[in-house]
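Structure record follows, encoded as structure tokens.
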Amino acid sequence: MKLSIEEALQQGITAHRAGKLQDAERLYRAILQSHPAHPDANHNLGVLAVSLNKAEAALTLFKTALEANPMIEQFWLSYIDALIKEQQFDNAKQALEEAKKQGISGEKLNALEAQLTHINREESIDSLSPSQELLSNLFEHYQNGRFNDAEKLALSITEQFSKHQFAWKVLGAIFGRTGRKVEAADANQKAVALSPRDAAAHSNLGVALKELGRLDEAEASYIQAIRLKPDYVEAHNNLGNTLKELGRLDEAAASYNLAIALKPDYTEAHCSLGNTLKELGRLDEAEASYSRAIRLKPDYAEAHCSLGVTLHELGRLDEAEASFVCAVELNPRQFGKKLSQLLTVHVPQKYLSHPIIRADQEIREIDLTEEHLQIIPNQKIAHLFEESLSVLKKHDLNIQTDLSQIYRNNSMDLNCKRHKTIFHKFNIIPKFCFSCYKVQIEPRTILELIKLMVIFDRIKLDENNIRKCMIELRPEISGFYKGLVYCSSVEEAKDIVDYLSTVLDNNIGPGLPAIIKRGCSEYPDVYPDFKKINNSETEMMSYNPNWELIEKNYEFKTQAEPNKFILPTLSGLSLNDVLIIQNWIDYAKGIGDKSVEELSHRVILNNAIFNAARSRLNRYSRLKTD
Numbered sequence: 002m003k004l005s006i007e008e009a010l011q012q013g014i015t016a017h018r019a020g021k022l023q024d025a026e027r028l029y030r031a032i033l034q035s036h037p038a039h040p041d042a043n044h045n046l047g048v049l050a051v052s053l054n055k056a057e058a059a060l061t062l063f064k065t066a067l068e069a070n071p072m073i074e075q076f077w078l079s080y081i082d083a084l085i086k087e088q089q090f091d092n093a094k095q096a097l098e099e100a101k102k103q104g105i106s107g108e109k110l111n112a113l114e115a116q117l118t119h120i121n122r123e124e125s126i127d128s129l130s131p132s133q134e135l136l137s138n139l140f141e142h143y144q145n146g147r148f149n150d151a152e153k154l155a156l157s158i159t160e161q162f163s164k165h166q167f168a169w170k171v172l173g174a175i176f177g178r179t180g181r182k183v184e185a186a187d188a189n190q191k192a193v194a195l196s197p198r199d200a201a202a203h204s205n206l207g208v209a210l211k212e213l214g215r216l217d218e219a220e221a222s223y224i225q226a227i228r229l230k231p232d233y234v235e236a237h238n239n240l241g242n243t244l245k246e247l248g249r250l251d252e253a254a255a256s257y258n259l260a261i262a263l264k265p266d267y268t269e270a271h272c273s274l275g276n277t278l279k280e281l282g283r284l285d286e287a288e289a290s291y292s293r294a295i296r297l298k299p300d301y302a303e304a305h306c307s308l309g310v311t312l313h314e315l316g317r318l319d320e321a322e323a324s325f326v327c328a329v330e331l332n333p334r335q336f337g338k339k340l341s342q343l344l345t346v347h348v349p350q351k352y353l354s355h356p357i358i359r360a361d362q363e364i365r366e367i368d369l370t371e372e373h374l375q376i377i378p379n380q381k382i383a384h385l386f387e388e389s390l391s392v393l394k395k396h397d398l399n400i401q402t403d404l405s406q407i408y409r410n411n412s413m414d415l416n417c418k419r420h421k422t423i424f425h426k427f428n429i430i431p432k433f434c435f436s437c438y439k440v441q442i443e444p445r446t447i448l449e450l451i452k453l454m455v456i457f458d459r460i461k462l463d464e465n466n467i468r469k470c471m472i473e474l475r476p477e478i479s480g481f482y483k484g485l486v487y488c489s490s491v492e493e494a495k496d497i498v499d500y501l502s503t504v505l506d507n508n509i510g511p512g513l514p515a516i517i518k519r520g521c522s523e524y525p526d527v528y529p530d531f532k533k534i535n536n537s538e539t540e541m542m543s544y545n546p547n548w549e550l551i552e553k554n555y556e557f558k559t560q561a562e563p564n565k566f567i568l569p570t571l572s573g574l575s576l577n578d579v580l581i582i583q584n585w586i587d588y589a590k591g592i593g594d595k596s597v598e599e600l601s602h603r604v605i606l607n608n609a610i611f612n613a614a615r616s617r618l619n620r621y622s623r624l625k626t627d
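Converting from the sequence shown to our numbering requires adding 1 to each position, the first position being numbered 1.
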């Protein structure tokens with residue numbers, strides 16, 4: 002049967018990767034007989050020729066591929082590298098400039114440009130520089146991901162030619178790609194010192210310093226790169242990323258806009274600008290940025306997801322659902338959790354056949370009810386979890402979440418992120434937190450924690466108070482499992498304690514007290530009197546009026562985002578709840594909670610949570626399970 006062009010190309014690529022070069026060449030040439038200008042066949046045949054030390058023959062093939070499709074970065078990289086191998090340095094430089102005009106940019110093209118700047122175009126090679134063959138081999142190792150070989154060769158070159166900057170730049174890139182952040186910064190520092198006017202070297206150093214969290218130094222490196230090369234698009238974008246991490250959101254937005262002005266089709270910059278505008282509370286503008294990114298790159302999963310988050314905050318839930326579905330179709334493992342989070346407040350109307358939506362609906366049909374005056378049996382909890390897992394298996398869902406807290410929300414925005422930022426930045430307790438009380442329960446086992454979640458789901462409180470169940474992950478805060486009910490006064494908290502005490506005795510058993518706490522757990526470390534709860538609020542620590550001006554100045558400078566559109570959580574067990582319970586199970590195993598054996602004997606899914614749990618045992622006493 003005659004192969005189609007696409008089938009022949011795929012078979013050629015497979016043979017090429019397997020080292021069956023003759024078969025690959027035959028298939029590529031068969032394509033070119035009927036389609037002489039086919040870009041991929043020409044390019045791949047050229048790559049094959051280079052591997053056989055026939056770089057001269059490859060040049061025509063690469064050039065034909067580029068004429069057919071000049072927008073493919075790899076075509077330019079292969080062509081320029083072959084020109085360098087053939088010592089056609091002027092042609093290589095000309096091709097590199099033409100690639101830039103086509104909008105091609107990035108780390109690999111920068112590496113080729115740096116290589117060209119260090120090539121001696123004289124026939125005799127300077128004894129103080131490595132040979133062109135060494136440099137070409139180094140670049141080839143790096144480009145093809147052979148980092149061990151590239152590192153050995155780069156180290157050898159830097160030992161013999163310590164003032165040859167290109168090898169230091171490649172070494173810095175290798176260290177960065179292999180997670181050795183300190184070494185990456187050191188190598189890039191050396192590259193900058195050897196060539197202080199190399200904009201790319203300064204930008205690379207900025208990347209390395211940002212990875213180390215040295216944001217002020219990273220900012221300075223990017224600024225220097227831009228001074229040397231004002232149209233350096235990647236440096237503008239990276240400066241924006243650094244300013245955003247520094248909390249200087251308006252400046253970050255300005256940097257992204259400059260990057261976009263220089264390169265209007267820079268999808269990552271459009272998306273990053275959207276993220277910054279969203280943090281500034283400029284949701285309509287954020288939506289526009291994400292939409293532009295998606296128009297430029299329809300398969301940009303991160304932009305679809307971020308657009309979904311923004312539409313959710315704007316209260317346009319059907320549109321948010323559509324955006325999340327797009328993101329999930331492109332990357333189900335990474336973005337399935339976002340769709341599951343939306344389903345905690347939204348009843349879908351459109352994508353009812355989507356496996357995540359169907360799974361959520363089927364999990365919601367699992368009955369959580371129990372006799373009001375009856376202890377919830379462990380078998381009931383094990384059964385509902387087993388039923389939930391069977392739904393995940395039925396729909397072949399392999400998604401995880403990084404969340405660790407299960408909420409039952411009302412429509413109130415506590416704005417905790419804002420309050421904690423003010424506390425950590427100015428060492429003051431925000432005014433709102435003086436009227437924030439929590440009823441806290443500390444379950445003794447994971448089974449009790451899930452039972453408490455069931456209770457929180459079905460109890461009816463007069464104000465439908467926000468309530469959550471969680472595993473404690475903050476290193477400085479004691480405890481393991483916790484349930485919290487948020488209250489707006491100490492009197493309300495006392496009423497809920499009285500009510501919950503009876504419910505807990507009836508449904509979980511005796512010995513599980515409910516206590517009243519005030520504000521966030523971190524506050525008493527600085528203000529010990531804050532945690533003291535008396536019969537009357539007038540007898541407790543009160544808000545310092547001098548702090549009000551600090552809060553107002555913060556609001557003015559940060560242009561704090563407005564209250565989000567918040568819907569109350571839908572009742573019943575959800576897919577999102579089940580994903581979080583899976584994290585709870587890994588936590589339970591980490592702290593040695595034997596009761597988890599009644600729920601699961603599976604392997605650890607979330608190693609980060611398991612390891613965080615294990616580390617807590619070195620600081621806090623073991624969990625009591627009797």
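From the three backbone atoms N, C-alpha and C, an ideal C-beta is built for every residue, glycine too.
Computed from a prediction, not measured in an experiment: that's the story for all the values here.
Quiz item: Which class does residue 655 belong to by DSSP, given the choice of helix, strand or coil?
Solution: An answer regarding residue 655 cannot be provided, because it is not within the stretch 2 to 627 covered by the chain.
Quiz item: Cβ of residue 463 within 8 Å of Cβ of residue 572?
Solution: no
Practice problem: Mark residue 154 as exposed unless 16 or more other C-beta atoms lie within 10 angstroms of its C-beta, in which case mark it buried. | Solution: buried
Quiz item: Given a threshold of 16 other Cβ atoms within 10 Å of its Cβ, counted over all protein chains shown, does residue 160 qualify as buried or as exposed?
Solution: exposed
Quiz item: Roughly how many angstroms lie between the CA atoms of residue 158 and residue 202, to the nearest whole one?
Solution: 18 Å
Exercise. Mind the definition here: the segment 413 to 424 touches the segment 350 to 367 only if three or more C-beta pairs lie below 8 Å; say whether that holds.
Key: no
Quiz item: If residue 270 and residue 261 are in contact, beta carbons under 8 Å, what's the gap, nearest whole angstrom?
Solution: 5 Å
Quiz item: residue 336: which of 102, 323, 442, 621 sits nearest, CA to CA?
Solution: 323
Quiz prompt | Expected contact under 8 Å - CB spacing of residue 148 and residue 113 to nearest Å | solution = In fact, because the Cβ distance is near 18 Å, the residues do not count as touching under 8 Å.
Self-check item: Exposure label - residue 375; buried when at least 16 CB within 10 Å
Solution: exposed
Quiz item: Hey, is the segment 433 to 446 in contact with the segment 477 to 493, meaning 3+ C-beta pairs nearer than 8 Å?
Solution: yes
Practice problem: Determine the burial state of residue 47: buried for a count of at least 16 other Cβ atoms within 10 Å of its Cβ, exposed for fewer. | Solution: buried
Quiz prompt | Secondary structure of residue 298, DSSP reduced to three states | solution = coil
Quiz item: So residue 38 is in the beta strand (DSSP E); what residue range does that whole segment cover?
Solution: Taken as a continuous stretch (DSSP letters only), residue 38 belongs to no beta strand (DSSP E), as it is neither H nor E.
Quiz item: Closer than 8 Å, CB to CB, is residue 97 near chain C or not?
Solution: The chain inventory of the structure shown lacks chain C, comprising one protein chain alone.
Practice problem: Quick one: which unbroken beta strand (DSSP E) runs of 3-plus residues sit fully inside the segment 357 to 409? Chain order, please. | Solution: 406 to 409
Quiz item: Just reading off the beta strand (DSSP E) that residue 12 is part of, what are its end residues?
Solution: Per DSSP, residue 12 belongs to no beta strand (DSSP E); it is in the alpha helix (DSSP H), 6 to 18.
Quiz item: In or out: residue 170 buried (at least 16 other Cβ within 10 Å) or exposed?
Solution: buried
Self-check item: Exposure label - residue 501; buried when at least 16 CB within 10 Å
Solution: buried
Quiz prompt | residue 208 - containing beta strand (DSSP E), residue span | solution = Not the beta strand (DSSP E): residue 208 falls in the alpha helix (DSSP H), residues 200 to 212.
Quiz prompt | Reference residue 151; option with closest CA among 163, 176, 164 | solution = 176
Quiz item: If you run the structure through DSSP and keep just helix, strand and coil, what is residue 485?
Solution: strand
Self-check item: Euclidean distance between Cα positions of residue 273 and residue 242
Solution: 8 Å
Exercise. Pick out whichever of 130, 178, 181 has its Cα sitting closest to the Cα of residue 168.
Key: 130
Exercise. Determine the contact status of residue 53 and residue 17, defining contact as a CB-CB distance below 8 Å.
Key: no
Self-check item: Reduced DSSP secondary structure (H/G/I, E/B, other) of residue 228
Solution: helix
Quiz item: residue 95: buried (16+ other C-beta within 10 angstroms of its C-beta) or exposed?
Solution: exposed
Quiz item: DSSP three-state call for residue 516: helix, strand or coil?
Solution: strand
Self-check item: C-alpha distance - residue 445 paired with residue 568, whole-angstrom precision
Solution: 31 Å
Self-check item: Stretch pair the segment 315 to 330 + the segment 545 to 558: three plus CB contacts closer than 8 Å
Solution: no
Quiz item: Can you name, in chain order, every residue of its own chain whose Cβ lies under 6 Å from the Cβ of residue 60, other than the five neighbours on each side?
Solution: 83
Practice problem: Locate the alpha helix (DSSP H) running through residue 257, then write down its first and last residues. | Solution: 250 to 263
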